Amino acid sequence: MKPAETDTLDWEVELVVAIGRGVHRAFLDEAVDAIAGFTVTNDVSVRDWQFRTIEWAYANSGPVLASATVATLV
Numbered sequence: 005m006k007p008a009e010t011d012t013l014d015w016e017v018e019l020v021v022a023i024g025r026g027v028h029r030a031f032l033d034e035a036v037d038a039i040a041g042f043t044v045t046n047d048v049s050v051r052d053w054q055f056r057t058i059e060w061a062y063a064n065s066g067p068v069l070a071s072a073t074v075a076t077l078v
């Protein structure tokens, strides 16, 4: 539902890659091994409110996480 106080509501569906462990300057194989899984999220932003607080950089997602092993099978 669009808040009445804005005309700058944007939405986009995003693929989320969940990283399961820290890596730094990794080669491709090591980076792929660090992937815990994948999920999708619906990113909804009210652009004129976005930068009022630092919290604009965070979003909820889930509740399903497909493991990287399962994702490679499809």
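Position one of the sequence shown corresponds to residue 5 (the numbering used here), numbered consecutively onward. Positions of the beta carbon are idealized from the N, C-alpha and C atoms, including for glycine. These numbers were taken from a predicted model, which means no experiment stands behind them.
- Item | the stretch 33 to 47 in contact with the stretch 17 to 25 per 3-pair CB rule at 8 Å | yes
- Query: Counting along the chain, where does the alpha helix (DSSP H) carrying V36 start and finish?
  - Reply: Position 32 of the sequence shown, counting from 1, holds the residue named residue 36. Taken as a continuous stretch (DSSP letters only), the alpha helix (DSSP H) holding V36 covers L32 to D37.
- Task: Please go through the same chain and pick out, in chain order, the residues whose beta-carbon is closer than 8 Å to the beta-carbon of F42, but skip the five residues on each side of it.
- Result: For this step, residue 42 is matched to residue 38 along the sequence shown. Only L19, V20, V21, A22, L69, A70, A72 and A75 meet the Cβ criterion.
- Confirm, please, whether the CB-CB distance from D47 to D11 is below 9 Å. For the purposes of this step, residue 11 is taken as the residue at position 7 of the sequence shown. For the purposes of this step, residue 47 is taken as the residue at position 43 of the sequence shown. No, these two residues do not count as a Cβ contact at 9 Å.
- Query: What are the boundary residues of the beta strand (DSSP E) that includes L19?
  - Reply: As a position in the sequence shown, residue 19 is number 15, starting the count at 1. L19 -> beta strand (DSSP E) spans L13 to I23.
- Query: Cα separation between H28 and P67?
  - Reply: Position 24 of the sequence shown holds residue 28. Position 63 of the sequence shown holds residue 67. Distance between the alpha carbons of H28 and P67 is about 28 Å.
- Taking C-alpha atoms, which residue in D14, F31, R56 and A30 lies nearest to S49? Translated into positions along the sequence shown, residue 49 becomes position 45. Residue nearest to S49 within the set D14, F31, R56 and A30 is D14 (criterion: CA-CA distance).
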